[in-house]
Each structure stands twice: as structure tokens, then as C-alpha cells.
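Everything on this sheet refers to the single structure shown next.
Protein chains: 2
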Amino acid sequence: MATIYDVSVMAGVSLATVSRVVNNNAKVSEKTRKKVLAAMEALDYRPNAIARSLASSRSNSVGVLVSQLDGPYHGPMMSMIESVLRDAGKHVIFAAGRSDEERERASVSFLQDRGCDALVLDIEAVSDDYLVELAKGQTPIVLINRYVEPIEDRCIYLDNEQGGYLATEHLIKLGHRSIACISGPLYKLDARQRLAGHKRALAEAGLQFDPRLCVEGNFDQRSGREGVNRLLEQKRPFTALVCANDRMASGAIAGCMAQGLSVPADLSVMGYDDFPVPEYITPKLSSVSNPIHEMGKMAANWVLQHVYQLEGAPLARRFEPVLKAKESTGMNR
Amino acid sequence: MATIYDVSVMAGVSLATVSRVVNNNAKVSEKTRKKVLAAMEALDYRPNAIARSLASSRSNSVGVLVSQLDGPYHGPMMSMIESVLRDAGKHVIFAAGRSDEERERASVSFLQDRGCDALVLDIEAVSDDYLVELAKGQTPIVLINRYVEPIEDRCIYLDNEQGGYLATEHLIKLGHRSIACISGPLYKLDARQRLAGHKRALAEAGLQFDPRLCVEGNFDQRSGREGVNRLLEQKRPFTALVCANDRMASGAIAGCMAQGLSVPADLSVMGYDDFPVPEYITPKLSSVSNPIHEMGKMAANWVLQHVYQLEGAPLARRFEPVLKAKESTGMNR
DNA sequence: CTGTTAGCGCATTCAA
DNA sequence: TTGAATGCGCTAACAG
């Protein structure tokens with residue numbers, strides 16, 4: 001591999017001059033520039049990013065830490081972030097935190113140690129306090145999908161409370177009065193927020209929240225199925241069910257079908273996230289949109305503007321969910 | 334940020350000694366080790382990965398280049414690779430090639446310049462020749478999902494021809510004699526291979542391959558739907574349809590339903606990949622497994638063994654698809 | 001077992 | 001506008 005030194009020798013200039021033309025950041029006469037470029041070409045010179053980072057303490061790469069690398073949720077987000085940053089000549093390093101506090105911290109350290117200029121985090125296991133501390137450090141951070149009040153200017157998030165509200169309000173408008181619910185795992189903030197929205201919608205409609213009609217799931221399909229079974233066993237009548245995400249709603253519908261219940265005729269079911277599914281599925285799941293692409297784009301833009309001083313599209317931090325009424329919900333008979 | 338120098342001063346030892354305890358690769362007396370560790374702790378010392386790479390020309394990170402970061406295909410693969418490598422203390426840098434030759438080449442360069450110790454590539458736009466050349470370079474490479482004969486020892490792939498064969502054979506065993514097909518985009522090797530398997534199965538059963546019963550799709554759901562419509566318009570009867578992946582099969586089934594055809598009663602439909610879908614979908618898609626997790630794991634193990642000299646599980650390079658008969662295929666009446 | 005020394009490839013003063 | 005010198009933080013011989 002040719003080094004900057006080889007180029008300088010071949011071009012008959014100093015090493016510093018080569019550096020100048022490579023970085024294009026200082027006056028270089030057209031003539032010497034030509035010589036240098038020719039030498040670079042001839043030697044197939046490619047700057048060593050590692051050495052460059054060490055010397056300049058700037059890597060032109062940003063670290064992105066997500067809880068998982070697969071699944072319908074993070075894929076589009078990563079894709080969007082990569083796309084925006086890459087178009088700006090920046091690079092992206094992804095890591096997975098696996099919803100484990102140790103691992104999340106270790107990943108943050110890894111990305112910092114790799115010299116990332118900024119960190120985009122979509123993680124859930126670490127504490128708010130940790131994040132607040134982290135934000136005070138050298139490396140700028142942005143949070144996706146998490147609201148931490150002391151550093152709210154670093155947070156890009158969906159108004160989950162409002163989403164939970166919309167889902168339940170939709171059912172109420174359809175005439176449902178007994179609405180069951182399968183929440184997400186309540187140690188997660190977004191699950192609590194969605195549940196809070198659910199309760200607010202009930203309250204505004206003058207309906208009583210009945211804890212016996214609300215079970216806790218873990219966001220997996222299976223827990224949706226088990227959840228609806230538990231609800232059904234209680235023999236407490238309900239005509240609608242809100243689930244804290246699409247996967248649990250899928251499981252719940254499967255559970256209903258197994259018990260001979262028809263959706264939405266016997267039971268209306270709401271999801272949350274509005275993720276894509278095969279075209280021929282029936283019924284199509286009513287849901288609440290989760291603009292994960294947009295949040296990814298926004299995080300990337302935030303970094304571009306605040307870390308790299310590139311002006312660009314205006315920034316938004318808070319996103320509003322939108323109701324997506326489809327086939328799995330219907331009027332209460 | 335504390336440096337190795339600060340630690341050495343605080344511990345009252347030389348800089349080299351600190352390096353030794355950090356890397357744990359040479360004899361250090363228990364006593365000095367303790368001193369050093371204490372100093373490291375006190376200073377919250379974290380080695381600078383950049384400097385370390387520069388000095389050792391080894392980064393303990395491997396680059397993974399995939400065509401996309403989202404979708405059901407690459408997610409699980411990336412996840413698996415990250416998991417295996419991470420457990421071995423190695424790190425992973427992902428990049429997206431977007432099925433564009435320029436971009437794929439640029440991404441390879443990026444990963445090389447970042448000092449990756451090895452590259453795992455799941456890309457399709459670059460030529461075989463390019464890959465052969467690349468394999469001769471400094472950075473070891475492994476190919477996933479691509480068979481390039483001159484460097485076959487670097488290839489981890491699914492026997493797509495056999496998969497295509499299994500899919501069609503399944504339909505033939507069910508008594509179908511007129512079998513239509515929606516292939517993948519034929520500029521892609523795996524699409525061609527699956528089609529070849531289809532033809533072989535037909536031939537072995539003494540059936541004639543009818544080009545008019547075979548249309549080309551692009552692996553997207555929409556092209557499956559359009560494909561089946563085109564096939565149906567021809568008024569050439571067929572009782573079964575093989576699709577080169579699950580997404581197109583989904584689109585095809587949706588198209589059938591829209592035309593009042595029932596699957597599998599009126600038409601049997603086969604997919605390929607066997608990707609997970611919501612539990613309540615009907616009919617469940619008969620398919621051919623694509624052990625993408627396994628291939629990811631294998632790629633990671635290859636790197637561990639060949640690049641980092643870590644012994645581990647035995648390596649396999651060629652994977653056999655398995656037929657997954659479910660509900661979308663049935664006996665020919 | 002430990003310290004000294006010389007780079008890794010480059011950016012960046014400071015002079016010229 | 002250009003060159004010489006210094007150092008980023010660390011590893012890796014080489015001595016001792």
C-alpha cells in the first residue's frame with residue numbers, strides 16, 4: 001500500500017503538500033497540485049483512515065447502536081441513517097446492544113474507542129442517568145426513541161402516549177365500550193406510555209379502566225396469543241382489544257381464530273407500528289404508524305448539522321403517530 | 334482521556350509494561366501487574382483503538398458488506414455474524430452496497446481503509462473477476478451467497494439449483510403436470526440457479542418446460558402479483574406455480590385471490606426462503622428453507638479460524654435447502 | 001521480567 | 001505557497 005510518503009517522493013514535493021491536496025484545505029499552486037494528483041493516481045494512493053483519525057482525532061464516521069440488527073423495526077432505521085450519512089461522505093459503524101445493559105455500555109465504549117465523531121443510540125437497557133452522563137462527555141450523542149428530559153434536545157422520539165390514545169380512541173369511536181388491552185413489557189418506557197394513552201382515551205370517554213382486562217406482554221407474537229387466551233379465560237366480556245405492537249396483535253388474532261372467534265366480527269383488534277406484512281393476509285391489521293424511517297433520517301441530519309456543521313433540512317425531534325384504520329377493527333354491534 | 338503514558342507514570346513503570354498488561358501477551362510479574370491495573374482503574378484508562386490499530390496493523394474488527402441493511406434476508410445474517418464475532422472479542426463494521434457496483438466497490442475500499450482484518454461480502458453487483466482480484470489482496474475475504482469457482486474456498490452458499498429442484502419436485506409429487514413459474518431477475522446468479530433446478534425437476538419427470546409459463550420477476554411482492562396476472566391472461570392452464578422467493582409468492586397469492594382463485598384448491602403456490610410471517614396468515618406458504626443464519630455463523634467462524642487462528646466449530650461451505658411443505662400447495666385434482 | 005527506542009501514516013504547527 | 005519538525009497513542013523489536 002502506497003503511503004503519503006511515497007506520493008511525496010514521486011511528486012518531488014514535501015509530505016505536507018501531499019496532505020494539503022488530499023484534504024484540499026490550503027492553498028496549493030495548480031502546478032504542484034497536478035503533480036501530486038498524478039503521483040497519487042500512479043501509485044493508486046489511498047489515505048489510511050486509521051492514521052488520519054489518529055492524527056486529526058476525527059474519523060468521519062458515526063456510531064449507531066441499536067438493540068438488534070434484525071427485525072422490521074431497526075432495519076429501515078439503520079438503512080435510512082446509513083443512506084443520509086453516506087451521501088454526505090460520512091461513514092457508519094453499527095453495533096448491537098441486545099437490550100442488555102452491560103452490552104449496551106460495552107458497545108458505546110467500543111464505538112467511542114473506534115473514534116466515532118458522534119453516536120446515535122436506540123437502546124433501552126441503560127438508565128437515564130447514564131445517558132445524561134454520557135451526553136456530557138466528548139462524543140456528541142443523539143437518542144432515538146427515547147425521551148430523557150434533561151437532554152431532550154438530543155432526543156428524537158415518537159409520541160407514544162398519543163399513539164396509545166389514538167388506538168383506543170379509534171375503538172371507542174367504533175362504539176366499543178369494553179376494551180381489553182395487551183401492553184408491552186412495563187419496564188419499557190414506550191410500553192408504559194402507550195398504556196397511559198390507552199387509559200387517557202378511556203377516561204375521556206367516561207369509561208372505567210379495568211385492570212383485569214389488561215395483561216402484560218413482551219412484544220413478541222407468542223405473548224399476544226397467550227395474552228388473548230388469558231383474557232378470554234376470565235369470561236369478562238370485551239368487544240375490542242388493543243395491543244401495544246403489531247406482533248402481539250398478530251398472535252392475538254391467531255389466538256382468536258383458534259378459539260373460533262372472528263376478527264373483527266366478534267372482536268376488533270388494534271396493533272401498533274404499522275409494519276409491512278404479506279399482501280394476502282386477512283384481515284389487514286389496523287394500527288398506528290411508527291415513522292421509524294423519518295426518525296432515522298432526522299438523527300442523521302442532526303449529526304450532520306451539529307457535529308459536521310453541514311446545513312440541511314430542518315430538524316424535528318418529536319413525531320406524531322397516525323392512525324391506520326384497516327380491516328381488523330369494526331363497529332361494535 | 335487518559336493515555337497509556339499517564340498510566341505508566343502513575344504506576345511507576347514503563348510504557349511498554351503497561352502495554353503488556355493491557356494485551357496480556359507477555360510475562361509480567363504479578364506485583365507490577367497489580368500496580369498497573371490499579372492505575373488503569375484509577376484513571377479509567379481505555380486503550381485507544383485507533384492508535385492500537387495503527388501501531389499493530391490489526392484492528393480486531395471485521396467488515397461486513399451487504400446489499401441492504403433491512404429486510405428479512407440480511408437482518409438475521411448480520412445479527413448472527415455480529416453475535417459470533419462479538420463473543421470472540423472481535424468487532425463488526427457494517428456497510429451497505431445497495432446492489433450498485435460503484436457503491437459496492439467504494440464500500441469495500443471503505444472497510445479496507447478502516448483497517449478491517451477481514452471482509453465478509455454478500456454482494457451481487459461486482460463481477461467475479463473483481464472478487465478474484467480482491468481475494469489476492471492483503472485483506473482476506475469471505476463471500477456469502479455467491480459461488481465464484483476460482484476462489485471457491487472463500488464461498489459460503491446455498492445450493493440454489495437444488496432448492497429450485499426441490500420446490501418443483503414437491504409439486505410434481507403432488508400430481509401437478511402443468512407448472513408455471515415466476516423467476517427472479519435473471520441477471521442474478523441465484524435466480525438463474527433456482528430456475529435451472531426447476532427445469533431439471535421438470536425434465537426428470539418427463540415434463541416439457543414451457544417458456545410461456547415462465548415469467549421473470551424482480552423478487553418484490555408486486556412483481557409476483559403482476560407475474561401471476563400475466564400468466565393467467567395467457568389462458569394456458571396450469572395448476573401450480575413456483576416462485577423464486579416468498580415475497581413474490583405472497584404477491585402471487587394476493588393476485589390469485591383478487592381473481593377469485595383459491596390457493597391451494599385452484600392453484601398450488603410455492604415460495605422460496607421460508608421467511609417468518611404473522612401467525613394468522615392463511616394459507617401458510619410452502620417454501621424452501623434458506624439457512625441464512627447458518628451461513629452468517631459459518632462466515633464468522635471462517636474468519637475466526639483463518640484470520641484470528643481461533644479453533645472452533647467445523648466449517649461448512651455449501652448448504653442444502655430443505656423443503657418446507659405447508660398449506661399453499663396441495664394435490665392436483 | 002522490564003525499559004528504551006523506533007516507527008505506524010498522517011495532520012498540523014511554525015518557519016521560510 | 002511550501003517544507004521541516006513534531007506528535008497523535010500505541011505496539012514491537014531489542015537490550016538489559
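Just so you know, the sequences run in chain order A and B. Just so it is clear: in the first sequence, position 143 is 143 by the working numbering, and no numbers are missing. Just so it is clear: in the second sequence, position 140 is 473 by the working numbering, and no numbers are missing. In this text, a Cβ means the ideal position worked out from N, Cα and C, and glycines have one as well.
Residue interval of the alpha helix (DSSP H) (run including residue i)
| i | result |
| --- | --- |
| I512 (chain B) | From DSSP, I512 (chain B) is part of no alpha helix (DSSP H) but of the beta strand (DSSP E) over I512 to S516. |
Option nearest residue i by Cα separation, candidates the options
| i | options | result |
| --- | --- | --- |
| G312 (chain A) | A:S289, A:V21, A:A240 and A:M298 | A:M298 |
| Q193 (chain A) | A:V263, A:R146, A:C116 and A:D274 | A:R146 |
| L186 (chain A) | A:L158, A:V215, A:D129 and A:G97 | A:V215 |
| D433 (chain B) | B:V459, B:L452 and B:S442 | B:V459 |
| A421 (chain B) | B:M413, B:L464 and B:E374 | B:M413 |
| A325 (chain A) | A:R105, A:K188 and A:I172 | A:I172 |
| V399 (chain B) | B:V610, B:L370, B:M334 and B:R436 | B:R436 |
| Q68 (chain A) | B:L564, B:S416, B:A382 and B:E374 | B:S416 |
| L528 (chain B) | B:V361, B:L574, B:E485 and B:H509 | B:L574 |
| A258 (chain A) | A:G71, A:S56 and A:L232 | A:L232 |
| L370 (chain B) | B:N381, B:N358, B:V354 and B:G530 | B:V354 |
| D70 (chain A) | B:R651, B:F608, B:S516 and B:Y613 | B:F608 |
| S390 (chain B) | A:L166, A:I281, A:E226 and A:M1 | A:M1 |
| T572 (chain B) | B:L444, B:Y490 and B:R510 | B:R510 |
| A265 (chain A) | A:D246, A:R333 and A:I4 | A:R333 |
For residue i, the first and last residue of its enclosing beta strand (DSSP E)
| i | result |
| --- | --- |
| L65 (chain A) | S61 to V66 |
| M298 (chain A) | Note, M298 (chain A): premise wrong, no beta strand (DSSP E); alpha helix (DSSP H) at I292 to H306. |
| M270 (chain A) | S268 to M270 |
Proximity of residue i and residue j at Cβ, strictly below 7 angstroms
| i | j | result |
| --- | --- | --- |
| V18 (chain A) | V9 (chain A) | no |
| L507 (chain B) | M664 (chain B) | yes |
| P283 (chain B) | I625 (chain B) | Given a span of 334 to 666 for chain B in the structure shown, any question on residue 283 (chain B) remains unanswerable. |
| M270 (chain A) | S286 (chain A) | yes |
| R555 (chain B) | D113 (chain A) | no |
| I144 (chain A) | D122 (chain A) | yes |
| A16 (chain A) | V62 (chain A) | no |
| I383 (chain B) | I50 (chain A) | yes |
| G217 (chain A) | G206 (chain A) | no |
| G496 (chain B) | P654 (chain B) | yes |
| G470 (chain B) | I515 (chain B) | no |
| A167 (chain A) | I151 (chain A) | no |
| F110 (chain A) | H424 (chain B) | yes |
| Y605 (chain B) | N578 (chain B) | yes |
| P278 (chain A) | V610 (chain B) | yes |
| A39 (chain A) | A11 (chain A) | yes |
| I614 (chain B) | I281 (chain A) | yes |
Nonlocal neighbours in the same chain, by C-beta distance under 6 angstroms from residue i, ignoring five residues either side
| i | result |
| --- | --- |
| L594 (chain B) | L600 |
| S53 (chain A) | S59 and G115 |
| G629 (chain B) | M410, M413 and I414 |
| D523 (chain B) | N493 |
| V636 (chain B) | V395 and A451 |
| R200 (chain A) | Y165 |
| P72 (chain A) | F275 |
| S352 (chain A) | Since the first residue shown for chain A is 1 and the last is 333, residue 352 (chain A) is missing from the structure and cannot be characterised. |
Close-in-space but distant-in-sequence residues of the same chain around residue i (CB under 8 angstroms, 5 per side omitted)
| i | result |
| --- | --- |
| Q638 (chain B) | E644, G645 and L648 |
| V481 (chain B) | D461, L464, V465, R487 and C488 |
| R438 (chain B) | V459 and Y463 |
| H503 (chain B) | M603, S619, L656, A658 and T662 |
| A26 (chain A) | R20 |
| V346 (chain B) | T365, K368 and V369 |
| D553 (chain B) | R580, M581 and G584 |
Chain-order list of residues whose beta-carbon lies under 7 angstroms from that of residue i (same chain, five-residue window excluded)
| i | result |
| --- | --- |
| V263 (chain A) | I253, C256, V269, P283 and S328 |
| Q567 (chain B) | R545 |
Residue i beta carbon near the ligand MN (any heavy atom closer than 6 angstroms)
| i | result |
| --- | --- |
| K173 (chain A) | Looking for the ligand MN in the displayed structure turns up nothing, as the structure carries no ligands at all. |
| query | Going along the chain, which unbroken runs of the beta strand (DSSP E) with 3 or more residues stay wholly within the segment 62 to 128 of chain A? | reply | Here the runs fully enclosed are 91 to 96 and 118 to 122.
Q: Could you tell me which uninterrupted alpha helix (DSSP H) segments, each at least 4 residues in length, are contained entirely in the segment 462 to 535 of chain B, listed from first to last along the chain?
A: Entirely contained in the segment 462 to 535 of chain B, the alpha helix (DSSP H) runs reaching 4 residues are, in chain order, 493 to 506.
Note to self: Ignoring anything shorter than 3 residues, give me the beta strand (DSSP E) runs that lie fully in the segment 536 to 582 of chain B, in order along the chain.
What the structure shows: Complete beta strand (DSSP E) runs here, min 3: 547 to 549 and 573 to 576.
Which full runs of the alpha helix (DSSP H) of 4+ residues lie inside the segment 5 to 52 of chain A, going along the chain?
Taking only runs of at least 4 residues, the alpha helix (DSSP H) segments lying wholly in the segment 5 to 52 of chain A are 15 to 23 and 30 to 43.
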